[in-house]
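Scroll down for the structure; my scribbles are underneath it.
There are 2 protein chains.
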Amino acid sequence: MTKTIDRPKITKMSDLALIAGVSKSTVSRALAGNELVNKETRDRIAALAREHNYRINTKARNFRTKQSLTIGLMVPSSQSKWQINDPFFLELLGSIAIALNERGHELLLSSAKLSAEHGIDELVSQSHCDGLIFIGQADIHQQLNDLASFNHAMVVWGGKLDDQKYVTVGGDNFKGGYEATKHLLSLGRQRVALLGDNTTVEGSMRFAGYRLALEEAGIAFDELLCIRPEAVKNGGMKAVQKCYDSGIRFDALFAFSDILAMAVIRALTPRGVSIPDDVAVVGYDDIALAGYYLPPITSIRQDRELGGQLLVEKLLALLDGEQVASSLLETTLVVRQSSVK
Amino acid sequence: MTKTIDRPKITKMSDLALIAGVSKSTVSRALAGNELVNKETRDRIAALAREHNYRINTKARNFRTKQSLTIGLMVPSSQSKWQINDPFFLELLGSIAIALNERGHELLLSSAKLSAEHGIDELVSQSHCDGLIFIGQADIHQQLNDLASFNHAMVVWGGKLDDQKYVTVGGDNFKGGYEATKHLLSLGRQRVALLGDNTTVEGSMRFAGYRLALEEAGIAFDELLCIRPEAVKNGGMKAVQKCYDSGIRFDALFAFSDILAMAVIRALTPRGVSIPDDVAVVGYDDIALAGYYLPPITSIRQDRELGGQLLVEKLLALLDGEQVASSLLETTLVVRQSSVK
DNA sequence: TTGAAAGCGCTAACAA
DNA sequence: TTGTTAGCGCTTTCAA
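Keeping their order, the protein sequence lines are chains X and G.
Here my numbering is used: the first residue of the first sequence is 89, the next is one more, and so on.
Here my numbering is used: the first residue of the second sequence is 89, the next is one more, and so on.
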């Protein structure tokens, strides 16, 4: 009786070692590119591995080396669901994924909501990743600080705060707010309204920029022109409608996001207000669709490619035990037809 | 000399076992909620774990159990970069993340491009996940089939094909195309143009629906009215402009995505064409921004919440060794002002 | 330059 | 109901 000898399936290092006629350790070293192993032997083992379709077991490897080459991404949200309704975040996400991948890491998406019982630290220790990227500080600055002091490798997309213990990468919100407003004023507009939440970290800085620009132009700040989006669906549009219908008039508006800028346009157009003739509008973030709108939206651009790259670089540096500083990214004004015909 | 006895840091199960006065195995069972262990003991150990801030080592656990509770998500792209420029995919991504999380799984984002040297199977074996979700079949149907026959747990968002060996969840593209066209015809429009790539799996089915609707209305198909977006930035807009400027006229247009519908509107509006008076436009996907556009865009809605949920359920069932069938999701027409005043 | 051996922290078969 | 024991597949000292 002849046994059918089909090539045995190579699933572990020891199998490959057997075939190669060397020890497990040598295979391990060879596959890791360790120079201790003869270049010749190394190549031979690599070839053998390829030939037998052997792939190192990452789970065993990660377990043994106590690292995963995986980075977790969290989008803090006080809401119950994973709410990346902000296209900007999504675009940033893409650039982070690319940057990580180029460096041989994987990206783990955490849809986890933060709550009292399930704090961040629980998430962190549960998640199978070496480091963390947070997109947005929202209202969890304190929690982030706590986490950072626990010595977790983490970076945050957002603004820099005085007492902050974590590393951030973020656009210059102050400058962005300043430039948006200045642009509107330079068009000769006198009554520049504001639409956005100025209680968040980012919002308050944009607000400060807005105020400075007004001040420099010698225009008094008018609380009535500060519109807060309501916390409901189409909240931005409703707030603007309410404001306008109450008789308040303005000839320009700076919105804290492109989505809000679109809301303004949708609110005012049906009321016979022409954009930009009657009201010039500037948004923020310059999301892809900003240029697709009608009229195309003037916006403050934040470089998400660079942002994602920096977040990743800093985090990996942190993991290597290096000292890392926060970065403030340049913003640029992209002029389109929502402000200038 | 007195030794300072600070509470030892509990990092492994055996430590906790020592404290609890039981064996490692019992702790393991207790923490896993195994009913074999006395409810009393179980609770005691759980309390102890919490008290000592012990968290099970997931890497060791995953290694041992040969599973990771992690699902990989891939967006096939022939491009060199991770191109989720399609907002619909991003919204689907969100619902997948939520569905996975509710079931205790994590989501690994693969930004990997597919190429000749680095095929899918390599990606799969490299990645640390139990199963895979593909968003879109694009042009890799054959590769997906190969992969599926290799017995990989995988589900695909997309259309169902005859020779397909993998499980899909997707909208009814045929019906979607049919309804979009029928809607336009029901408005009394006679010359319904089409904007989209009808060579993809999804596109060809929408195209078939379009043709059927025309046929039923007794309107001859006109090749000239089929506009293909160019493979460049703003390709949709350019293609429509070129078509229009060459003198071709139509009174309605069905676009294969909302983004394309926006492109149509941007292309025609400056030429004095009124939407929807002169040309009624229908898009596809009903992305969040479709309702935000000016005019708001009539669109074929695909239920992404349900889609994400089904993808996840099917994949987990597959992992449990169950037999799973593909799903065709209902589409609904959402009428807005781009087609009806 | 290579091999032998120990062990990462956990689970699960088997025994008690 | 609990404990004992034997690994999972890999990396890494240490010794040769």
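Note that the Cβ used here is the ideal one computed from N, Cα and C, for glycine as well.
Keep in mind that this is a model prediction, so the values were computed, not measured.
Cβ-Cβ distances below 8 Å link H271/G to V370, T386, L421, V423 and S427 in the same chain, with the five nearest sequence neighbours on each side left out; the list follows chain order. Residue contact with chain G for T386/X: absent (no Cβ-Cβ distance below 9 Å to any residue of chain G). A straight line joining the alpha-carbon of F176/G with that of L273/X spans about 37 Å. Close CB contacts of V243/G within its chain, under the 6 Å cut and outside five residues either way in sequence, are with I221, V255, L399, K402 and L403 (chain order). From the listed residues F151/X, P383/X and I186/X, the smallest Cα separation to Q397/X is found for I186/X.
Taking all protein chains in view, the Cβ of R354/G is crowded by 16 or more other Cβ atoms within 10 Å, so the residue is classified as buried. Boundaries of the alpha helix (DSSP H) around A301/X: V289 to E304.
A135/G and T99/G have their C-alpha atoms spaced approximately 15 Å apart. Taking C-alpha positions only, A378/X is separated from P384/X by approximately 6 Å. The beta carbon of L313/G sits closer than 8 Å to those of R279, V280, A281, L282, I336 and F338, all from its chain and outside the five residues before and after it, given in chain order.
Assigned with DSSP and collapsed to three states, Y381/X falls in coil, not helix or strand. Per the coordinates, the alpha-carbon of Y298/X lies some 27 Å from the alpha-carbon of Y381/G. With respect to H140/G, E194/X sits apart: the two C-beta atoms are not nearer than 9 Å. Of the candidates Q329/G, D310/G, E311/G and F309/G, the residue whose Cα lies closest to the Cα of E318/G is Q329/G. The beta-carbon of H216/G is placed less than 9 Å from the nearest beta-carbon of chain X.
Q225/G sits buried, since 16 or more C-beta atoms from the chains shown fall within 10 Å of its C-beta. The beta-carbon of I353/G is placed less than 9 Å from the nearest beta-carbon of chain X. In the three-state DSSP reduction, F222/X falls in the strand class (E or B).
Using a Cβ-Cβ cut-off of 9 Å, E194/G counts as an interface residue toward chain X, since at least one Cβ of chain X sits closer than that to its own. For L377/G, the nearest beta carbon of chain X is closer than 9 Å to its own beta carbon. A residue is called buried once 16 or more other Cβ atoms fall within 10 Å of its Cβ, and G276/X, having fewer, is exposed. Annotation for I184/X: the continuous alpha helix (DSSP H) segment containing it runs P175 to E190.
Close partners of A148/X in chain G (Cβ separation under 7 Å): F151. With fewer than 16 other CB atoms across the displayed protein chains lying within 10 angstroms of its CB, A120/X is exposed. The beta carbon of A108/X sits closer than 6 Å to the beta carbons of I133 and L136 from its chain, once the five residues preceding and following it are set aside; these are given in chain order.
Ranking T146/G, F238/G and G259/G by CA distance to the CA of L416/G puts G259/G first.
In the three-state reduction of the DSSP assignment, R149/G falls in the helix class, which pools H, G and I.
Within the stretch 119 to 145 of chain X, the complete alpha helix (DSSP H) runs of at least 4 residues fall at 127 to 139. Identification of chain G residues near L197/X by a Cβ-Cβ cut-off of 7 Å yields A185, L195 and L197, ordered along the chain. Using a 10 angstroms sphere on the CB of N126/X, the tally of other CB atoms stays under 16, which defines it as exposed. For Y332/X, the closest Cβ of chain G is not nearer than 9 Å. DSSP places Y266/X in the helix class (H, G or I) of the three-state scheme. Rounded to whole angstroms, the separation of the alpha carbons of K326/X and D365/X is 22 Å.
The residue from Q425/X, K429/X and D408/X with its alpha-carbon nearest to that of H240/X is D408/X. For Y380/X, the neighbours in chain G by C-beta distance under 8 Å run, in chain order, I347, M350, A351 and R354. With respect to chain X, the C-beta atom of T288/G has no partner C-beta closer than 9 Å.
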